[in-house]
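Working notes for the structure below.
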Amino acid sequence: MISETTIRKVRELAIEDVLSPYVRLSRKGSTMMGICPFHSEKTGSFAVTPSKNLFHCFSCNRGGDSITFIMEKENLSFSAAVEFIARNHNIPVEYISEERSEEQMAEARHRESLLTVLDTVQTFFLQNLRATDKEESLDARAYTYSRWHEEFCAFAGIGYAPKDGQAFMDFCRSKALNEELLYELGMFKRGEDGNTYAMFRQRIMIPVRNRWGRIIAYTARYIGDNRKAPKYINSATSMIYSKGETVFGIDRAARLRDADYYIIVEGAPDVLRMQSIGYDNTVASLGTAWSDSQFEQLKKYVSSLCFIPDSDIAEGKQYGPGFEAVMTNGAAAIRKGFHVTVRELPFAEIPSGTEGEVQYAKNDADSYIRSREDYTSLPEKHFIIWLAQKRFLVAGSMVEERKCVAEIADLLRYIKDQLVYDQCIEQLSRLHGKVKLWRDAVTQARGEARRRNDKPAAMNEMQREAELLRQFGLFVRENCYYSIGEDDDEPSRISNFIMEPLFHIEDEINGTRIFRMRNMYNVCRVIELKESELCSLSNFQQKVGSLGNYVWLAKIDKLNRVKEYLYSKTDTAERIRKLGWNAAEGFFAFGNGIFFAGTFNAVDELGIVRGINGKAFYIPATSKIYLNNPEIFQFERLMVHENRNGIKLYDYVKRLMEVFGENASVAFCYLLATLFRDIIFRRTRHFPILNLFGEKGTGKTTLATSLQSFFLHGVDPPNLGVTSVPAMNDRVSQAVNTLAVLDEYKNDLDIRKIAYLKGLWGGGGQTKKNTNTDGMAAQTIVTTGVALCGQDKPTQDMALYTRVIFLAFSKTSFNQNEKSAYENLVSVCNMGLTHLTLEIMGHRELFEKNFPEIYSITKRELAAKLENETIHDRIFGNWVIPLATFRTLETVIDVPFSYAELFETAVKGIRNQNELAQESSEIADFWSMLQGFQTSGKCIEKAHYRIRYMKSFRPLSVKEDIEFKEARPILYLNTAAVASLFNSRNAGSTSNRSNWSTIMSYLKSHASYLGLKQDRFTILLPSGLPDYTIDIVNGEQVKKVKVNRPKALCFDYLQLKETFGLDLETEVVSEVQEEMPVEQQHPIKQEELHFR
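Letter by letter, the sequence shown follows residues 1254 to 2345 in the numbering used here.
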């Protein structure tokens, strides 16, 4: 990167020398004229002002300095243009040393990228002000040139942002500008709807430049018709621009080698006005208050300042805001060692309508000063005299006069020039009192200042603090840090606030520290700072300044001194990352406290809980630091223990069962299991989902939210239809051993959501890149129970259905008593049930000790009960968990049902869910579809299947027969023919059920499958009729059906009938029999054929 020294030397070159290869110039008075090199013209309109090193073309309105000229003429970037000029004028190009860290070099590259983007967008704004084919550009020029003349506007680089923001965005994209940089600079903004828009629209764009003339931001004046639009807006804070660090006009002022003083005005338009009449030594802050950093910049160039305050009408105060600002800023400048004067503007006079009378109104430099004579006609006073006149004018008592004397005397002690000091004393004595009074007052002020610096030597707590500070080269005065320098007479103030360390919050990546800040005006704020913000000076200044008048003035080395001092006396707390059960520390955390050893310990106002295992813990959700920020810690603020409900556990469960019946007992036991999920998962390696299924109005979601009230209440569960997988993942991983409710399950959900739900059974969540540690992919560990509500049975994927405890709700109409019971239950739950959570958590030690053994016993007993039934393993395992959980706790909790009752309820639930699983399985769907094909005439006996009654059966590759006591029907399935039926039905479908290989696997794994065996099947034509040939036998035509002998899948037909209700056998009846009742019919039996 090119050094600032090289840039300064290039700017100091005579502009006529730099431009001489491109344009022939002739002198006309103080300017030089020539033919413009940017456009065709016969009469020279290209002007150069050597005294300012600026050029301007009155025809094409291009203007700027020599670097701007080369950038446009040679189509170069800023850095390239500097190098070009330097090489052509024998200026050595110095580059900033690269002996910097990678982080520093990356920061420098990023800074240059931002500056380059602004160089490019500036051309857009200039083009839009110069445009002659747009009416709004004509209006913008008319407005701009009415305030500042045309040549000056070109010199200043004033442009225009059109009303159509899309034009600006299109320009940026056509130039391939990085949109992230445009967002950072505040040129692009993102609306509430997520769409991008241009920040500056229908505004006069005034560039804000740094010391070297590079554009770092804009201040923009609105010229449209929207009265609600702010008149002026500034660019966003960025790496290259901070309002409190920037001095508007410093680029021109710093070039003046012979400037005796700088003129300080209120805003950018005032600076432009003064520059336009020749006062390039005019600067302004882009806010009301001047920071110490801004004063330090001025001190590099001048030692004297002249303030021109806006003359505002005072409304409810002694003086208007313009005077108040100069009173504050002038005093600060005096304390920084400047010689300060004031030139006061007269109030504007407006005729009142009554002859001879006028009304007074606001006046500012931009409106009043139109010439150098206007400026020099303003009387100039020393700031201290001006301030004293203002103070004594409104002092209404001797007490107030004494305060004025003390304030002025304190400022007088900063004046080092004896002549100026004596003049001020003399003028003050004419205003109030005598010379001796003022000299005595200054002596007293100096004595008080020394006493503030030299405290008594008693070794009390305050003295020890002061001594510790001094070890780090610091001391505190009036709530400000001072750095002890070589000259003890006047130490350097490095802040206008002090910090009291409250807690350090541990984190292996980016720790947090909590401080109480108190500024020089005794205003306190508590702030949370990340370690990264304490390691970056700009980030630190931005963060503390965002909370109010808290200004850090020094460089990073002084901040490091303060940090070393504060760190030495800071206690450490541990951040609670997840609410719920904390296995490492043995407590249960809420958003507002910790339940430990049978006691709930509430957080203090900072979010700290002390005394848990000898440690302190930090839960920021209810801290006063974030009291006014509702956007963060939303979940943690919901999961709080308030103890507003006095209902007992027995009464709650009783009400639950009155409303939801025996389903409530199962759901409640599932809730118990979630409170000890970590213990259960260690034993089972899985944890089921509670599925509440039913029509709208059955109350299923209310049951789920009533259980959720053990942790948080009054919150509607997320709708799966509009909730993304990452949002689902966040919801179920926010706490440990709690219950998360997900609503509106549908079988047509995105398959990724269904896959995610299946993973919850095994404790796995979403897999994503771990940006906090090694950057590798990591799976979120789910540690909470999940209740899944919906109007669809979760049978889209049977793997999900077998991972849930399925509870069905069918009742949709209720009598008055039932409605009353429901409303009472909801009312109770809305007050929260966290007190019952704490009651149950008190039995954790017992549960952890007894659950593994009781789980094994319960599993054996339940298996014995169902030993003669074929139950899906996962369904069985799911139901064991709530059953064993309740059995473990039955002796210590009081509820209105027994284990025996729950056992019978569980057995019914298992059977019901298992039956539904069989009916809804892929195999059941297959046989149901085959039955449909047969009924519709598409699946034809002897072509697609055969049923043979056999007493023995031997499949291929098996040496021994399967013997039956009596002839048993065996179903032979022609797989190739049946496959064509299914494939034609599901043409184009990507569903797993249409995948024939998957169906074959399911069929072969079923208990009814006997094996493969060849058999004879009729070949069908495309019309569905049998294919045949006609042969001549004994002189007669004989029709012979074509057959083949494929390997058929063979099944126990009776088992299929019993399990799936399959009926593929057909009967032949006469028309008369068709009209008879079924029990009276005598079908014609088909001849049975027996094959081995």
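Cβ atoms here follow ideal geometry from the backbone N, Cα and C, with glycine treated the same way. For clarity, every value in this text was computed on a predicted model and none was experimentally measured.
In the three-state reduction of the DSSP assignment, ARG1362 falls in the helix class, which pools H, G and I.
No Cβ-Cβ contact shorter than 8 Å links LEU1880 with VAL2148. Within the region 1834 to 1865, the runs of beta strand (DSSP E) at least 3 residues long that lie entirely inside it are, in chain order, 1840 to 1843, 1846 to 1849, 1852 to 1855 and 1861 to 1865. Annotation for ILE1603: VAL1611, GLN1612 and ALA1614 place their beta carbon closer than 7 Å to its own, counting only its chain and skipping 5 residues before and after. Between LEU2226 and the set PHE2304, LEU2155 and LEU2010, the nearest pair of CA atoms involves PHE2304. Going by DSSP, ALA1807 is part of no beta strand (DSSP E) at all; its letter is neither H nor E. One Cα belongs to TYR2281, the other to TYR2202, and the distance between them is close to 27 Å. Classified as buried, MET1580 has 16 or more neighbouring CB atoms from the shown chains inside 10 Å of its CB. In the same chain as ARG1692, and ignoring 5 residues on each side of it, the C-beta atoms closer than 7 Å to its own belong to ILE1678, in chain order. Here the C-alpha atom of ALA2232 lies approximately 7 Å from the C-alpha atom of TRP2249.
By the neighbour-count definition (other C-beta atoms within 10 Å, threshold 16), ILE1762 is an exposed residue. In the structure shown, MET1254 adopts coil according to DSSP, grouped into three states. Of MET1324, ALA1384 and ALA1521, the smallest CA-CA separation from THR1373 is found for MET1324. Straight-line spacing of the CA atoms in PRO1274 and ASN1341 works out to 11 Å. Approximately 6 Å separates the beta-carbon atoms of ILE2058 and ASN1944; this is inside 8 Å, confirming the contact. Residues of the same chain with a CB within less than 6 Å of the CB of ILE2093, apart from the 5 flanking positions on each side, are LEU1928 in chain order. From the listed residues ALA1874, THR1449 and MET2051, the smallest Cα separation to CYS1425 is found for THR1449. Shown here for GLN2290: same chain residues with a beta carbon closer than 8 Å to its own, the five before and five after excluded, namely ILE2283 and ASP2284 in chain order. With respect to GLY1317, PHE1308 sits close: the two C-beta atoms are nearer than 8 Å. Our two residues, ILE1758 and TYR1734, have alpha carbons roughly 24 Å apart in a direct line. Here DSSP, grouped into helix, strand and coil, assigns ALA2052 to helix.
With a cut-off of 8 Å on Cβ pairs, the region 1558 to 1577 is not in contact with the region 1655 to 1664, counting fewer than three such pairs.
With a cutoff of 8 Å on beta-carbon distance, ILE1469 and ILE1517 are scored as not near each other. Taking all protein chains shown into account, ALA2153 has fewer than 16 neighbouring C-beta atoms within 10 Å of its C-beta and is therefore exposed.
Counting only unbroken stretches of 3 or more residues, the beta strand (DSSP E) elements lying wholly within the region 2248 to 2333 are 2262 to 2267, 2281 to 2286, 2289 to 2294 and 2300 to 2305, in sequence order.
As computed with DSSP, GLY1287 is found in a beta bridge with PHE1299. When rounded, the separation of the alpha-carbon atoms in VAL1968 and TYR2075 is 18 Å. With 16 or more other Cβ atoms inside 10 Å of its own Cβ, SER1538 counts as buried.
Sequence-distant Cβ neighbours of ALA1694 in its own chain, meaning closer than 6 Å and more than five residues away, are VAL1658 and ALA1662. Around the beta carbon of MET1254, fewer than 16 other beta carbons lie within 10 angstroms, which makes this residue exposed.
Taking each of ARG1623, GLU2122, GLY1649 and PHE1591 in turn and checking the Cα distance to HIS1635, the smallest one comes out for PHE1591. In this structure, ILE1872 places its C-beta atom within 8 Å of the C-beta atom of GLY1844. PRO2222 and LYS2310 have their alpha carbons spaced roughly 11 Å apart. Here the C-alpha atom of LEU1272 lies approximately 8 Å from the C-alpha atom of PHE1322. Remark: C-beta atoms of LYS1496 and PHE1548 do not approach each other more closely than 8 Å. The beta carbon of ASP2050 is closer than 6 Å to those of ILE2007 in its chain, skipping five residues each way along the sequence.
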